[in-house]
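Taking it in order: structure first as structure tokens, then the write-up.
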Amino acid sequence: MDRAVFVPQSRGIVPPLGLALWDVLSRIRTWHVFVVALILRLPLVLIRPPTVYTENIKAGFTLAERGYLGDPFLIPTGPTAHLSPAYPVFVAAVRSITPSDEICLRTLAMILAVLTSCNIAALLPVSRALRLPPASGTIAALMWLIPLFSWIELSAEHETPFTVAALLGLVTLLICSLRSAWPTLRTGAGLGFVTGLGAYFTPTMLPVAALLTLAASRLRGWNMKHLLAIGASAVLACAVATLPYTLRNHHTFGKWFFMRDNFGLELAMSNGPEARPTMDQNAGPVGVLRYHPFNSRITAALVRKLGEVEYNHRLQRATFAWIRANPRAFMTLVGERTGYMVLPESPRWYQRVLAGAISLMTIAGCVLLWRSRYRFTIQCLAAAIVGYLLVYLIIEHDIRYMYPVLFLESLIAGSFAVVLFTIWRERARPASLEPGPSHGPG
Numbered sequence: 001m002d003r004a005v006f007v008p009q010s011r012g013i014v015p016p017l018g019l020a021l022w023d024v025l026s027r028i029r030t031w032h033v034f035v036v037a038l039i040l041r042l043p044l045v046l047i048r049p050p051t052v053y054t055e056n057i058k059a060g061f062t063l064a065e066r067g068y069l070g071d072p073f074l075i076p077t078g079p080t081a082h083l084s085p086a087y088p089v090f091v092a093a094v095r096s097i098t099p100s101d102e103i104c105l106r107t108l109a110m111i112l113a114v115l116t117s118c119n120i121a122a123l124l125p126v127s128r129a130l131r132l133p134p135a136s137g138t139i140a141a142l143m144w145l146i147p148l149f150s151w152i153e154l155s156a157e158h159e160t161p162f163t164v165a166a167l168l169g170l171v172t173l174l175i176c177s178l179r180s181a182w183p184t185l186r187t188g189a190g191l192g193f194v195t196g197l198g199a200y201f202t203p204t205m206l207p208v209a210a211l212l213t214l215a216a217s218r219l220r221g222w223n224m225k226h227l228l229a230i231g232a233s234a235v236l237a238c239a240v241a242t243l244p245y246t247l248r249n250h251h252t253f254g255k256w257f258f259m260r261d262n263f264g265l266e267l268a269m270s271n272g273p274e275a276r277p278t279m280d281q282n283a284g285p286v287g288v289l290r291y292h293p294f295n296s297r298i299t300a301a302l303v304r305k306l307g308e309v310e311y312n313h314r315l316q317r318a319t320f321a322w323i324r325a326n327p328r329a330f331m332t333l334v335g336e337r338t339g340y341m342v343l344p345e346s347p348r349w350y351q352r353v354l355a356g357a358i359s360l361m362t363i364a365g366c367v368l369l370w371r372s373r374y375r376f377t378i379q380c381l382a383a384a385i386v387g388y389l390l391v392y393l394i395i396e397h398d399i400r401y402m403y404p405v406l407f408l409e410s411l412i413a414g415s416f417a418v419v420l421f422t423i424w425r426e427r428a429r430p431a432s433l434e435p436g437p438s439h440g441p442g
């Protein structure tokens with residue numbers, strides 16, 4: 001659809017319900033969304049059950065109390081690179097200024113409620129910055145307004161809202177920069193440095209940035225020389241941004257690796273004779289997660305004996321051996337996890353409904369808008385979504401892992417809803433009338 005989105009100037013042209021809906025959307029502002037989202041979430045902070053001491057909480061408290069990032073498992077195992085460092089460091093900072101663990105966890109929950117509300121409200125200015133159809137950001141934000149994912153959004157247990165903020169910021173910056181800038185070493189260095197900072201929240205920022213840049217380079221018509229130049233400068237700048245933590249890990253573990261050392265463990269928990277495609281299926285007294293060092297004292301003792309890096313390398317070698325010996329079973333797991341990317345699974349039916357609707361609308365939006373005037377943003381967003389999801393082809397599915405990328409998908413889903421409304425509106429307009437000028441919310 002290459003025609004401009006327009007808003008009719010006469011109330012006699014389009015059915016009143018459509019005009020009323022557009023009028024409501026046009027009056028919604030970023031601060032409205034933030035206030036409503038926060039009002040709906042803050043009371044839930046007070047009634048939620050006590051926070052579980054997850055890996056992030058344990059590692060953050062260890063940093064605050066003992067001065068090193070470590071001990072994320074069932075028993076103390078020493079320094080760790082099992083986690084992305086940004087959130088445990090934040091937990092440690094909050095714990096250092098609060099008088100007790102309980103008050104620290106409540107404070108973190110309130111901070112996450114505010115951050116989640118910011119993430120939802122940010123969809124409006126992000127959609128405008130990405131030049132999506134008017135009102136697409138508003139519709140995307142309305143999808144998230146009701147706290148259907150409160151256990152993800154309000155619990156101090158996990159870093160997910162921080163990941164959402166980092167992902168939205170990185171993708172917006174990349175798309176805006178790559179749309180307007182001709183590839184230069186300076187451009188590549190800036191984007192690479194920002195990507196490296198994002199890796200402190202999650203290493204999946206790297207494939208997101210890589211695939212998004214490739215999509216933008218194709219749309220902008222870069223030649224291979226330009227692509228290699230910007231890629232080389234981006235990689236170097238990313239390495240500089242992550243150098244402090246890389247040096248810390250090498251000094252602590254005596255090995256070179258990128259950000260985290262947990263790949264072998266996650267791979268083993270997701271693939272093997274007892275593995276199932278989702279985390280919920282792998283949990284419980286008979287699930288493979290019973291062997292996880294967070295759940296097993298014996299396994300945690302082995303981690304302490306071997307060291308995290310060696311322990312993960314052993315699991316990685318064993319799991320790859322199983323994959324080579326059982327390719328059909330492995331591909332079955334991959335196929336099931338792929339299906340859950342299209343229709344995300346959750347124990348809560350209302351989360352399945354919302355996530356499934358966003359996902360299906362995203363697919364439809366990509367089909368409808370792939371060659372439209374919005375193609376640059378749509379194709380770049382699609383590349384970012386694929387980049388984020390790549391690792392979850394081989395890692396167990398969980399709705400918490402899907403939550404950040406659903407924010408990106410909701411932007412495409414909102415665009416799809418706007419375009420459908422526009423098509424309906426144009427068909428309702430008498431053929432003799434010309435469309436009015438473009439106006440609308442961001």
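Each residue of the sequence shown is one higher than the last, beginning at 1 in the working numbering. All C-beta atoms in this analysis are idealised placements derived from N, C-alpha and C, irrespective of residue type, glycine included.
Check	Outcome
Residue interval of the alpha helix (DSSP H) (run including K225)	224-253
N249 versus A81 - alpha carbon distance	7 Å
Pair within 7 Å by beta-carbon distance, G365 and I399	no
Endpoints, alpha helix (DSSP H) assigned at I323	308-325
Distance CB(G414)-CB(S136) smaller than 7 Å	yes
Bridge partner(s) assigned by DSSP for T80	Paired residue(s): none; T80 is not in a bridge.
Contact under 7 Å by Cβ, Y445 with L148	The requested residue 445 is not part of the displayed model; the chain covers only 1 to 442.
Through-space distance from L130 to C176, alpha-carbon basis	7 Å
Three-state secondary structure assigned by DSSP to T338	helix
Spatial distance of G356 from L25 (CA atoms)	23 Å
N-terminal and C-terminal residue of the alpha helix (DSSP H) that F162 is part of	160-180
Extent of the continuous alpha helix (DSSP H) to which I394 belongs	No alpha helix (DSSP H) contains I394, which DSSP labels as neither H nor E.
Contacting residues, own chain, Cβ-Cβ under 8 Å from A318 (five flanking each side not counted)	A268
Host alpha helix (DSSP H) of T265 (start-end)	One point to set straight first is that residue 265 is Leu, not Thr, in the sequence displayed. 263-270 is the extent of the alpha helix (DSSP H) around L265.
When S233, V171, V114 are compared against V35, the one with the closest alpha-carbon	V114
Check whether A321 and I75 have beta carbons under 7 Å apart	no
G475 versus A229: straight-line alpha-carbon distance, rounded	The chain is shown only over 1 to 442; residue 475 falls outside these bounds and no answer can be derived.
Classification of R297 by the beta-carbon crowding that lies within 10 angstroms, buried from 16 upward	exposed
Rounded C-alpha distance that separates W222 from L197	26 Å
Candidates Y200, L178, I28: closest to A165 by CA position	Y200
Close-in-space but distant-in-sequence residues of the same chain around R352 (CB under 8 Å, 5 per side omitted)	L343, P344, E345, S346
Straight-line Cα distance separating T54 from L112	16 Å
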